[in-house]
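Contents: one structure, followed by commentary.
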Amino acid sequence: MTVYLLRRLTAGLALAVLVTMITFLLLSTSFDDVAGSVLGNGAAPHQIAAQKAQMGLDRPVAVQYADWLAHAVRGDLGASYFTSEPVRSAITARLGVTLSIVVVALLATSVISVALGVAAAARGGAVDRFAQGAAMIGYVVPSLLVAIALVYVFAIKMHVFPATGYTDFSESPSRWAGSIAIPVVALMMGGVAGLTSQIRGAMIGELRKDYVRTLRTRGIPTHSIVLRHALRNAAGPALTVLSLEFLQMLGGALIIEQIFALPGFGQYAFNASLQGDVPIIMGISLFGVLLVVAVNLVVDLLGGWLNPKARMVR
Amino acid sequence: MTTARTDARRRPALRRLLTDPQAMVSASLLTVVVLLGLLAPALTDHGANQANLDAVNVGIGDHGYLLGGDKSGRDILARLLYSINTSVVSALIGASIALAIGITSGLIGGYFGRRVSGAAEWLFSLIMTFPGLLLLIILMPVTKGDYRATMVVFGVLLSPGIYRLVRNLVLGVKNELYVDAARVSGLPDRRILRRHVLTVVRGPVIIATAFLAGSSIAVQSGLAFLGLGSSTVPSFGAMISEGFTNLYEEPLQFLWPSLVLGIITASLVLLGNALRDALEGGRPQPVRIVTTTGYRPPAAEGDAVTKLLTVNDLAIAYPTPTGELKEVVSGVTLSVAAGETLGLVGESGSGKTQTAFAALGVLPAEAVVIRGSIRLDGRELLGLSERELRAVRGTSIAYVPQEPMSNLDPSCTVGAQLVEGVRAAMPMSRGEARKRVLALLARCGIPDPERTFRSYPHQISGGMAQRVLIAGAVAGRPLLLIADEPTTALDVTVQAEVLDLLRDLQKDLNMAVLLVTHNFGVVADICGRVAVMREGTVVETGTTEELFAVPKHPYTRGLLNSVLDETTLRTDPPAASADALETEKR
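For the record, the sequence lines run as chains A and B.
So the first sequence is numbered by our numbering: it starts at 1109 and just counts up by one.
So the second sequence is numbered by our numbering: it starts at 7 and just counts up by one.
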């Protein structure tokens, strides 16, 4: 188990190095613009060259990347070109906002999708039509429009939730819940649609299997067959879908944050990207990969707990 | 040959599409929208970026602006029409890049083996591990905000999905016998890929394309909404964003682009789903697990029931696609006395298993009991609720299946499954149940019960698994054990041991056994009486000696004659029997 964890963590770190390296390589094609935007409009070519030299952007790309990596390993991600704010503390401060909407949305998506998908597969009929209809709406309506419609109805017309802004959990849990409620719902739409369809399909497949009939002949109650046996077997593929949903939501959160003026990861990334603020972009890509690695690891551990065969492979 | 077959399959798919309202409506909507975009220069005199300061926020029809003007004084209609073109171009770029990369590498990775696919797999999972939208945003300095360049990157990000889809399809078809045959007969790889592999890949790829186009459009609008990209490119996202800031004063400015964008993405998703239904058949429908039959048998006719199990004139039917009912069991009558072993013999499809399932109350949900009665120890089983049946199962009637592996829950330890069954049959503490299960496993000839108790089904052999299932069946000391071909799926050497075990248990527990089989060797070995089934009815019943000595029915004689010698055992793989079951249902 420890060996497995170590191997996975090493692979995750290698991935982080690779992704940041590729990002840096791609970014290096636009260093002229970066230097130009630091200087402001209308900078002459020689000024830009001087600026690049001063920022160290004229060195070979490999040297620059190695330099960045060497600092990153020690926890130093540099500072913004424009505000001189240290990147690491800036990102961790904003990450809390993004993660609070993504994690809450992910948890809510799992609960709702499992309930809907299992009920649809096990009951059929009206419940199934409802679940399929809900999934269809989630697929069909762009979440951007859902978000704005929700703001219009609940914040502007009914004043149930604040339209924009963020209250930290430590400040007031109830206001925190209010400030993330609409963003979370908007973020969940697509995820619920995808996961519900997946769980419904997998559960239908499991419930047709022989072992379900055999368990019935032993007098085992239906709820136990559905929840303890079939759902456990159907949950493996659903977990994979969930980890992909996490990626989707992390992306979706960027747009949602913009709509609701939430001071998160996305807005920060967005502004940095517009300005070509290389240290911030690099820091964000590093945190992005580490997040994904962490989530995939959790998903794999859960999958191993659910599926004894996957456990054996290690 | 293959081409003819796929053509025959495709034509009805096309016809189904043409008659499917969902497909037709969504396809027509898309066509209209795309045409509107293409005809934009003819439909409006205004450019998308042409601003008239007098026309800021003007109403509908003012200044020659059919849908009014936006907050910069531009014609909303013109912007809508030109935005369609931006969306269409985004969809074309995103989808075609994803398809080109995904299909090529999928075909190569799937067809040409492991080393290529290993490298591709690694690369694609690398691409998949990064949140796409975040990558598109941080690459802004590289793409310079040009939405076409962004869509190229997005196409690359979408390609792993297509790669996986195509690779799995190719791996599936590669092992088909007709592809093997084509390869053996010396057809070049290129032709095999084109003739056999591409025909399989085509359908799913067409479906995926609709979804690729949809997500490309959604992402392009999302990015434009955020303000990424040139402000001179007309886009729904930019329009929605401007409308959003103007939502309080001029909600219509927000509504128009949302409506058109909504129509486009919804049509694509609906079209994709309609294509999936037409090309791949409908999505799976849920089947109720609890299958109480609606049929209520008439009250018993007074005569005292002496037998343990009495099946009288039982008829079971399945609905055909045309809606009629087809009988698979038509009037089966048989009985099992306490403690005796009855062999239920017949060829595949004769309705043996269906009869057994009916007695257990576990017929598939589609099955319809038309008439008859099944009485266990004098009590009518047909028409009982699931709760009532649950009380009977395990304690009065129990079941040993044919295929041991698929009848154990793969992600639950053997011990946990058995303990749950024991406690469902007889209320007792977990500890007691555990002791009882360990004793049962030992009684069923499992050498190391503790170890098997802790094992998962995939860690034990088929023979062991069958012993586990027998232990599970007899755990509640049932009066009647229904064993459905309990030895068919096992190795020849194990078959005899399992039969011995069944015989021993029967004596110990004094239970009756209904043994479903098509093997006369097994019948001669263990059964006291035999019922021979053919096409849904029992054609002959008698003691085993009588039946072997003087078979009365010509079918029985035929069956006996077809037995080469008494040691002949069925050797074909269990998969064939599963197919046989399918035919029985039809």
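We treat Cβ as the ideally placed atom computed from N, Cα and C, and that holds for glycine.
Predicted, not measured: the structure shown is a model, and the values here were computed from it.
- Check the Cα spacing between S1208 of chain A and each of A:Q1162, A:G1374, A:H1154 and A:A1227: the tightest is with A:G1374.
- Ranked by Cα distance from F1190 of chain A, the options A:V1406, A:N1415, A:V1386 and A:A1402 are led by A:V1386.
- A direct Cα-Cα distance of roughly 40 Å separates A1234 of chain A from S89 of chain B.
- Check the Cα spacing between W128 of chain B and each of A:L1410, A:L1123, A:G1360 and A:A1380: the tightest is with A:L1123.
- The alpha carbon of A1263 of chain A has as its nearest neighbour, out of A:A1198, A:A1239, A:A1289 and A:P1250, the alpha carbon of A:A1289.
- For D454 of chain B, the secondary structure class from DSSP, reduced to helix, strand or coil, is coil.
- R22 of chain B carries a helical assignment under DSSP once its states are collapsed to helix, strand and coil.
- Nearest CB-CB separation between N1415 of chain A and chain B: below the 7 Å threshold.
- Residue contact check for M157 of chain B against chain A: no CB pair falls below 7 Å.
- Assigned with DSSP and collapsed to three states, P290 of chain B falls in coil, not helix or strand.
- Boundaries of the alpha helix (DSSP H) around D1318 of chain A: D1318 to T1325.
- With respect to the 7 Å criterion, Q1383 of chain A and S1145 of chain A are classified as neighbours on the basis of their beta carbons.
- Non-local C-beta neighbours of T326 of chain B in its own chain, meaning closer than 6 Å and more than five positions away in sequence, comprise K332, ordered along the chain.
- According to the DSSP assignment, M539 of chain B belongs to the beta strand (DSSP E) that extends over R535 to R540.
- Secondary structure of S1192 of chain A (DSSP, three-state): coil.
- For the pair L366 of chain B and L348 of chain B, the Cα-to-Cα distance works out to about 16 Å.
- Taking a Cβ-Cβ threshold of 9 Å, the residues of chain A close to E409 of chain B are D1318, in chain order.
- The CB of H1337 of chain A comes closer than 7 Å to the CB of D415 and C418 in chain B, given here in chain order.
- For L521 of chain B, the enclosing beta strand (DSSP E) begins and ends at A518 to T523.
- By alpha-carbon distance to A479 of chain B, the top candidate from B:R457, B:E438 and B:Q423 is B:Q423.
- Using a 10 angstroms sphere on the CB of R399 of chain B, the tally of other CB atoms reaches 16 or more, which defines it as buried.
- Per DSSP, N1149 of chain A is not a residue of any beta strand (DSSP E), being assigned neither H nor E.
- Nearest CB-CB separation between Q1366 of chain A and chain B: below the 7 Å threshold.
- Pairing M157 of chain B with I99 of chain B gives a Cβ-Cβ distance under 7 Å.
- Sequence-ordered contacts of the region 424-436 of chain B with chain A read E426, G427, A430 and A431 [C-beta pairs closer than 7 Å].
- Distance from the CA atom of E255 of chain B to the CA atom of A1178 of chain A, rounded to whole angstroms, is 53 Å.
- Taken through DSSP and simplified to helix, strand or coil, R385 of chain B comes out as strand.
- Around the C-beta of E330 of chain B, fewer than 16 other C-beta atoms lie within 10 Å, and the residue is accordingly described as exposed.
- Inside the region 424-486 of chain B, DSSP marks whole alpha helix (DSSP H) runs of 4 or more residues at positions 436-449, 455-460 and 468-480, from first to last along the chain.
- According to the DSSP assignment, E552 of chain B belongs to the alpha helix (DSSP H) that extends over T550 to A555.
- Closest in C-alpha terms to S1218 of chain A, from the list A:G1164, A:D1140, A:E1353 and A:L1362, comes A:E1353.
- Separation of L566 of chain B and K313 of chain B (C-alpha to C-alpha, rounded to the nearest whole angstrom) is 28 Å.
- According to the DSSP secondary-structure assignment, D490 of chain B is paired through a beta bridge with B:V522.
- For Y1112 of chain A, the enclosing alpha helix (DSSP H) covers residues T1110 to S1136.
- For E333 of chain B, the enclosing beta strand (DSSP E) covers residues L331 to V342.
- At least one CB of chain A lies nearer than 7 Å to the CB of M146 of chain B.
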